[in-house]
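To convert, count from 1 in the sequence shown and add 161; that's this note's numbering.
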Amino acid sequence: MTDLIHLDREGPVGILRFLQPTKRNPYSLAFVEQLVTLLREADQDDAIRVVVMTGGDHFSSGGDLVGFQAEIAKGARATSEMIDRVHDGGRAAYLFRKPLISAVCGVAFGAGLSLALSADIVVAAEDARLCEVFARIGGCPDTGSSWLLQQRAGAGVARMLVLTGREIDGRTAKELRVVEECVPARQVEARALEIAREIAQHPMFGLQTAKRVMRATAECSYIEALDIERDCQSVLLCAHDFPEAMKAFSEKRKPQFTDR
């Protein structure tokens, strides 16, 4: 299997490096599998106290639309099961017991943005490109973004970003409270590591407990949000526009939507 992610260690900080920045780190089933495995490894390594996720020049362009088509062609049941497997990545990141920081440069679209937002803290480049791209391709939010975005930015901002499919840069994301920090691109990873080292100084059990408490006191269940997204997205993936968008993506052409 091709290595899509690598876990590096710098003292008490683990660094999950996504290894396909030239392809914009697509959120494929293989990517999810490796992400889940390495998060489990980092969780079980007592020497790692905080983890930073970084994609280098690009965080992630989102779902692997080409790779997903084979599963969608099998029908609604296979599609629903595939989405659950895709959700395993965000679920593993969100439920990761140690502090998790996203260092976002370049694009963070769709599931890639969801993954970034599943972290406790997001550091974005000023010129990073963030987008809830689902509306552009006839889909609805998945991978937890409907819940994560509302938790961070509020319902109104979340609806605006989801329904318009608008792309925003890191500066705007900071203003809208989608991300916590915004710095020049060359400083993103260094700043994320600086925050990680600051956190790593504190007692581990206290950090884990504090994180668990913060997550438990959120307004609604993340798992419930995933179930809602799975059910709705399963229908849309088998409908008209999302399949057309994926086919157009494969054929490198503009999609011809029928369901306006």
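Backbone N, C-alpha and C define an ideal beta-carbon position, used for all residues, glycine too.
Name the two residues that bound the continuous alpha helix (DSSP H) containing residue i.
i       : result
Leu-256 : Careful: Leu-256 lies outside any alpha helix (DSSP H) and carries neither H nor E.
Phe-403 : 402 to 412
Ala-351 : 349 to 361
Whose C-beta lies closer than 8 Å to the C-beta of residue i among residues of the same chain, with five residues either side of it excluded?
i       : result
Gly-175 : Leu-168, Asp-169, Ala-203, Asp-206, Ile-209, Val-211, Val-212 and Val-213
Thr-163 : Ala-191
Asp-330 : Glu-287, Asp-288, Ala-289, Arg-290 and Leu-291
Glu-405 : Gly-299, Pro-416, Gln-417, Phe-418 and Thr-419
Excluding sequence positions up to five away, which residues of its chain have a Cβ less than 7 Å from the Cβ of residue i?
i       : result
His-219 : Pro-182, Arg-185, Asn-186, Cys-266, Gly-267 and Val-268
Met-365 : Arg-210
Tyr-255 : Ser-279, Gly-305 and Tyr-383
How many Å lie between residue i and residue j at the Cα?
i       : j       : result
Lys-415 : Phe-295 : 16 Å
Val-109 : Phe-179 : One cannot answer for residue 109 here, as it falls past the ends of the chain, which runs 162 to 421.
Ala-253 : Ile-166 : 15 Å
Thr-198 : Gly-251 : 13 Å
Gly-326 : Ala-239 : 27 Å
Arg-421 : Asp-402 : Confidence at Arg-421 is low in this model, with a pLDDT of 45, below 50, so the placement of that residue is unreliable and no value is reported for it.
Assuming the contact rule is C-beta atoms closer than 8 Å, residue i and residue j should be a hit. Round their C-beta distance to whole Å, please.
i       : j       : result
Asp-303 : Ala-272 : 7 Å
Val-344 : Val-283 : In fact, because the Cβ distance is near 12 Å, the residues do not count as touching under 8 Å.
Shortest alpha-carbon distance to residue i belongs to which of the options?
i       : options                               : result
Val-247 : Gly-236, Pro-260, Ser-275 and Phe-257 : Ser-275
Ala-237 : Ala-400, Gly-367 and Ser-411          : Ala-400
Gly-217 : Leu-398, Leu-177 and Lys-408          : Leu-177
Go through its chain and collect everything with a Cβ distance to residue i's Cβ below 6 Å, but skip five positions before and after it.
i       : result
Glu-328 : Arg-290 and Cys-292
Leu-337 : Ala-314 and Val-318
Met-407 : Leu-226 and Gln-230
I'd like to know if residue i contacts chain B, where contact means its C-beta is closer than 8 Å to some C-beta of that chain.
i       : result
Thr-163 : In summary, chain B is missing from the structure at hand, where a single protein chain is found.
First and last residue of the beta strand (DSSP E) that includes residue i?
i       : result
Ile-282 : 282 to 286
Gly-305 : Neither: Gly-305 is in no beta strand (DSSP E) and is coded neither H nor E.
Leu-177 : 174 to 179
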